[in-house]
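Trainee: My structure is below; once you've seen it, I'll send some questions.
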Amino acid sequence: MSTTGTPTPDLRLDPGALRHLADAQMNVELDTGDMILNLGPQHPATHGTLRLVVRLDGERVISADPVIGYMHRGYEKLSEFRTYPQITTLINRIDWLSSFANEVPFMDGAEQLMGVEAPRRATYIRTVLTELSRIATFLLFLGEMGLQVGALTPAFYGFRDREHILNLIEATTGGRFHPNFNRIGGLKDDLPWGWIAECRDAMKIVFDACDTFENLVLGNEIFAARTRGIGIVPGEVGAEYGMSGSNLRACGVDWDLRRDGRPYLAYPDIDFAVHTHPDGDSFSRYVVRLEETRESARMVLQLLDAMPSGPIMAKVPRIIKVPEGEVWVETENPLGQMGYYVVSKGATGPFRVKIRSASFSNVSILPWLLRGVYVPDVITILGSLYFILGDIDR
Amino acid sequence: MRPVQQELSDKLVVLGDAMLESTPVFDDIVVRVRPDAWRHAAEVAKDELECDYLSFISGIDWAPAPREGGEEGSSDTSAPVQPTEMTFGAAGSAGRFQVFAHVQSTRRHWGFTLKSDVDEADPRVESWVSVYPGADWHERECWEMYGFVFDGHPSLRHLYLPMAFEGHPLRKDFPLLARVVKPWPGLVDVEPMPGEPASEPTAADAAAEAGDAS
Amino acid sequence: MVSALSTIAPLALDVGWGTTLALKTIIVLMIIPAGAIILGYVFLLKMMSHMQSRLGPMDPGGFHGWFQLVGDGIKFLQKEDVMPAESDRRVFAMAPAVVVLSTFLIFAVIPMGPDLVVADLDVGVFYALAVSSLSVVGVLMAGWASANKFALLGALRAAAQLIAYELPLLLAVVGVVLQAGTMSLQGIVYAQRDGDIFGFSGLGEPFIFTQFIGFVLFLVAAQAELTQTPFDMPVAESELVSGYMVEYTGFRFLFFFIGEFGTAFAFAALAATLFLGGWSLPGVTGDWANILGPFVLFAKLMFVAFLMFWVRFTYPRLREDQLQALAWKVLIPLGLVNIVLTGAFKVGF
């Protein structure tokens, strides 16, 4: 990759390229016009208000331009006018399918600035809830990826099994989707009585669900035909665009912030494997997320076995003023790598919060990725990259 | 600080005289580089420091925010009150604007933050698109939010905001329009249940009294 | 038909051919929507729901929501007639009629009893397949006249797919025709009823045993002709949102809906007639065959429809080029092999 001048487009020659070039030749001779198609912002395939303006030649994409911002709420500006507890209500809504996981890096940053450490029990519960939200997000993905390629049924199974996780999160935090449970120094409440036993039962359901998806979706030849070799991203290109999380691990890059980054939450205390796949296509993204769901369930069981007792909140003053300083915290969220750069000037609220959201970078690769792709494959790729609009638009 | 970060900190000398200041901040290293060496720093980070992963590029406006409700401040004690003097963060700054970015290495598992000053009168920054293609969208967002013009960017246009939007929202002198339209009511007491009398006079009662009195 | 009516004792009527024709037309016109509603309710609303671990409609009509589709039909009829401003009005209006027309015409040759057939053509099978391809024209008309890029994409995909899958359908049926020795559907049913399996004539000889490859081919090709998953690219819900039907509302959409499920009904009836023995039940002859025939055909048809809809709700959809590759490279050679084998066995045994 040259470091000077403009990047040269990668033509991605594959064995079928010659056939496709022949088609293009014919179109040039017949002088068929290009068609501009607007996928979205209201479209069942785009997971929300993403608009893809594609220029088509027949059924092939010549160029694609994602238009985002239909859901831009201005969180970075709003954060400058709110106190830290008020900001947790905002950042819950960035990635709304795994809301608890969004709060964790922000609280971690504030606690680092204050020099406060959350008690061990609070750390363990935070980890359990983060992994539960990871399982919840991935169960939805495993179901709706089938929906994107046309199988109507797995989506319902995904939602049905997700209900168990959402019930658990609601029992603890009071909210299914937006828990708003983290506080600087710990958590708002302790776990309810009997929660740990129910959580173990729910993990059994999660394992069964993963097996179902493996048989029903991964084992299906049509699904494999629709996703293998579609949307291949080489690892280096993915890293340059800032693609992260399961997407990057599916390209063969062995990098997981829970294991390789700054130690946070209770991850140093438990054993877990990091799953990668060498191919980098849509199929491998599905496989990696399936394996990570199972891994998360195993991690939850380990954490529940080792759950320490003790307080769930450290001693912090009632009105929290975070001392002056700045901190960068990044964590491995379900959608990818999420980070907060918090600049504080000693007030009750931050001076500047830069929210680095995973889907923003994941989606920025689309103009590069969608060249020369068929329209049905565009849908498959969008489904396999798995972004949340709130995460892109903040 | 993790050992790999310490290792990276030792290797930062390859930046040479592009680096003005370097500070460790918790587990991160903040490096301030000369404005005309912004792209050069990126190239060094990518080629020699093995930082192949671009996390983000954004900006900071160090000017203090204008206080709500004029000089005396608002009566709302729950909203944060920021200091009125302009102070700078880690690794300092030459002026009001800074552009900052974070890069990481997927293989060596280290990463650091780069900062650079941006001239307030002529906010031009070198574009990183030739080094990290993913910088495309980050720089578009930075331009529309702060007004930094990135030299070498293929097409600097709005990313989040509508095409005809004027102004740069994340600058401190751009007001939070929602609060201009309707001032923040401050701490509001719990509202009474329907049928119960209010335990304390509410803001509406106070306004009604003021209206009656006038 | 006349003699049938006169032999059913309570209806010992002496009617002329005009009345007969009118009666036949009315019966066919009633059967198609009724069949569409039954298929739609049982399979689309109830079977699909149960497979997806939910209940489906439960309230309309009281007992498990049986009234849902009838109510939907009434709702569609009273909706406003909306046409896109730039559409080609006459073509837009005619397209649903063309699609439904082909469905009605197929039913003209399907026998429901020894004497219960609208027209016992000697080239029944040929006529049925020819008429079923009329729907391609209707689909193209709908897609083009909608003045909508998504609709056009859907219609073009549909045209390519429907034409490609006519051939496997045909080849599957040729095997049956070879074995039965006649193209008349009534004749094919008689051949199955009167045949024997290795000398055992109790069950007759439904062609599903000897023509199993043909049966599978027919089902796959019928699935594609009905644009059902795994072949529903033209109406890919998560991409084109109904494809060529996207601009249709109200009673025009009702026509398409009836056309879709009515054609499913018709193809299932065809498959039951060609492969499962149609209206014939072993041991039932004479007048009882006329009375029980429709019910027997209905039961066999529901079995075939069950298979078709089961596949529909399980599999993802094939991409257009994969779909074409399947038709041209796999199904057609298979069909040809089937014909050769049938011919060889017919001559040899």
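Residue numbers (the working numbering), protein chains in the order written: chain A, -12 to 381; chain B, 3 to 216; chain C, 528 to 876. Glycine included, C-beta positions come from ideal geometry on N, C-alpha and C.
Excluding the 5 residues preceding and the 5 following F68 (chain A) in the sequence, name in chain order all residues of the same chain whose CB lies nearer than 8 Å to its CB.
Mentor: Counting only Cβ-Cβ distances below 8 Å, and skipping sequence neighbours, we find G336.
Trainee: Using a beta-carbon distance cut-off of less than 7 Å, what residues from the region 93 to 122 of chain B approach chain A?
Mentor: So the list reads H104, T108, H111 and T115, given in the order they occur along the chain.
Trainee: How would you label G169 (chain B), buried or exposed, when you count the other beta carbons within 10 angstroms and need 16 or more for buried?
Mentor: Classification for G169 (chain B): exposed.
Trainee: With a cut-off of 8 Å, do at least 3 Cβ pairs link the region 7 to 26 of chain B to the region 38 to 47 of chain B?
Mentor: The answer is yes - the region 38 to 47 of chain B touches the region 7 to 26 of chain B, with three or more Cβ pairs under 8 Å.
Trainee: Quick check on G810 (chain C): buried or exposed, where buried means 16 or more other Cβ atoms within 10 Å of its Cβ?
Mentor: G810 (chain C) should be labelled exposed.
Trainee: Determine, using beta carbons only, whether S580 (chain C) comes closer than 9 Å to chain A.
Mentor: So yes, S580 (chain C) belongs to the interface.
Trainee: Below 7 Å CB to CB, which residues in the same chain sit around R179 (chain A) once its five sequence neighbours on both sides are set aside?
Mentor: It should be noted that the sequence gives Pro, not Arg, for residue 179 (chain A). The answer, listed in chain order, is A158 and T159.
Trainee: What does a CB cutoff of less than 8 Å around D29 (chain B) pick up in its chain, not counting 5 residues either side in sequence?
Mentor: Around D29 (chain B): M3, R4 and Q7.
Trainee: On a Cα-Cα basis, can you pick out the residue from A:K64, A:F164, A:A189 and A:P354 that is closest to Y228 (chain A)?
Mentor: That would be A:P354, whose Cα lies nearest to the Cα of Y228 (chain A).
Trainee: What residues in the region 144 to 168 of chain B bring their beta carbon closer than 9 Å to a beta carbon of chain A?
Mentor: Of all residues in the region 144 to 168 of chain B, M147, G154, P156, H160, L161, Y162, L163 and P164 have a Cβ within less than 9 Å of some Cβ in chain A.
Trainee: Which two residues bound the contiguous alpha helix (DSSP H) that contains A184 (chain A)?
Mentor: First-last of the alpha helix (DSSP H) with A184 (chain A): W182 to F200.
Trainee: By Cβ distance below 7 Å, which residues in the same chain neighbour R779 (chain C) in space, the five residues on each side in sequence not counted?
Mentor: Result list for R779 (chain C): P623, in chain order.
Trainee: At a CB-CB cut-off below 7 Å, which residues of chain A make contact with Q507 (chain C)?
Mentor: In this structure chain C extends from 528 to 876, so residue 507 (chain C) is not present and cannot be described.
Trainee: Please go through the same chain and pick out, in chain order, the residues whose beta-carbon is closer than 6 Å to the beta-carbon of A44 (chain B), but skip the five residues on each side of it.
Mentor: The residues are W130 and V133.
Trainee: Contact between the region 327 to 346 of chain A and the region 76 to 94 of chain A is defined here as three or more beta-carbon pairs at a separation below 8 Å; is this criterion met?
Mentor: Judged by Cβ distances under 8 Å, the region 327 to 346 of chain A makes contact with the region 76 to 94 of chain A, as three or more pairs qualify.
Trainee: Give me the Cα-Cα distance between V15 (chain A) and D44 (chain A), rounded to the nearest whole angstrom.
Mentor: Note that V15 (chain A) scores a pLDDT of 39, beneath 50, so its modelled location is shaky and nothing firm can be said.
Trainee: Which word fits A826 (chain C), buried or exposed, when buried means at least 16 other C-beta atoms lie within 10 angstroms of its C-beta?
Mentor: By the 10 Å Cβ count, A826 (chain C) comes out exposed.
Trainee: With DSSP as the reference, label N79 (chain A) as helix, strand or coil.
Mentor: N79 (chain A): coil per DSSP, three-state reduction.
Trainee: Output, in chain order, the set of chain B residues within a Cβ distance shorter than 9 Å of Y373 (chain A).
Mentor: In chain order: nothing, as chain B lies at least about 18 Å away.
Trainee: In terms of alpha-carbon separation, which member of C:G862, C:Q688, C:L679 and C:I740 lies closest to A852 (chain C)?
Mentor: It is C:Q688.
Trainee: Quick one: give me the first and last residue of the beta strand (DSSP E) that E311 (chain A) is part of.
Mentor: Element bounds for E311 (chain A): n/a, residue is neither H nor E.
Trainee: Look up D119 (chain B) in the DSSP assignment and give the residues it is bridged to.
Mentor: According to DSSP, D119 (chain B) bridges with B:Q100.
Trainee: In the region 595 to 617 of chain C, which residues sit with their C-beta less than 9 Å from some C-beta in chain A, listed in chain order?
Mentor: The region 595 to 617 of chain C vs chain A, Cβ under 9 Å: nothing.
Trainee: Express the C-alpha separation of C186 (chain A) and G359 (chain A) in angstroms, rounding to a whole number.
Mentor: If you take the alpha carbons of G359 (chain A) and C186 (chain A), they lie about 46 Å apart.
Trainee: Quick check on A196 (chain A) - is its C-beta less than 9 Å from some C-beta in chain C?
Mentor: With 9 Å as the cut-off, A196 (chain A) does not count as an interface residue toward chain C.
Trainee: Alpha carbon to alpha carbon, how far is V41 (chain A) from M13 (chain A)? Give it in angstroms, no decimals.
Mentor: Low confidence applies here, because M13 (chain A) scores a pLDDT of 37, under 50, leaving its location unreliable; read the following figure in that light. Near 21 Å, if we compare the C-alpha coordinates of V41 (chain A) and M13 (chain A).
Trainee: Rounded to the nearest angstrom, what separates L8 (chain A) and V703 (chain C) at their Cα positions?
Mentor: Low per-residue confidence applies at L8 (chain A): pLDDT is 41, beneath 50, and the placement is therefore not dependable, though the value from the model is reported in the following sentence. Those two C-alpha atoms are separated by around 43 Å.
Trainee: Quick one: what does DSSP say A53 (chain A) is sitting in, helix, strand or coil?
Mentor: The question names Ala, yet the displayed sequence has Pro at residue 53 (chain A). DSSP places P53 (chain A) in strand when its eight states are reduced to three.
Trainee: If I'm right that V387 (chain A) touches E118 (chain A) with Cβ under 8 Å, what's the distance once you round it to whole angstroms?
Mentor: Here chain A covers residues -12 to 381 and nothing more, so residue 387 (chain A) does not appear.
Trainee: In angstroms, rounded to a whole number, what distance separates the CA positions of A682 (chain C) and D599 (chain C)?
Mentor: Approximately 25 Å between the Cα atoms of the pair.
Trainee: Whose Cβ in chain A lies nearer than 9 Å to the Cβ of F840 (chain C)?
Mentor: By Cβ distance, chain A contributes A138, L139 and T140.
Trainee: Which whole-angstrom value describes the C-beta separation of A563 (chain C) and F792 (chain C), a residue pair presumed to lie in contact below a C-beta threshold of 8 Å?
Mentor: Indeed they touch by this definition, with Cβ atoms about 6 Å apart.
Trainee: My understanding is that T108 (chain B) touches W242 (chain A), with C-beta atoms under 8 Å, so please give their C-beta distance in whole angstroms.
Mentor: T108 (chain B) to W242 (chain A), Cβ: 5 Å. Contact.
Trainee: Are V309 (chain A) and M132 (chain A) touching if we call contact CB-CB under 9 Å?
Mentor: Against a cut-off of 9 Å, the Cβ pair of M132 (chain A) and V309 (chain A) comes out as no contact.
Trainee: Can you confirm whether the region 707 to 715 of chain C touches the region 669 to 678 of chain C when touching is taken to mean that 3 or more C-beta pairs between the two stretches lie within less than 8 Å?
Mentor: At 8 Å Cβ cutoff, the stretches do not touch.
Trainee: For a minimum of 3 consecutive residues, which ranges assigned as the beta strand (DSSP E) are wholly contained in the region 311 to 348 of chain A?
Mentor: Listed in chain order, they are 312 to 320, 323 to 331 and 339 to 343.
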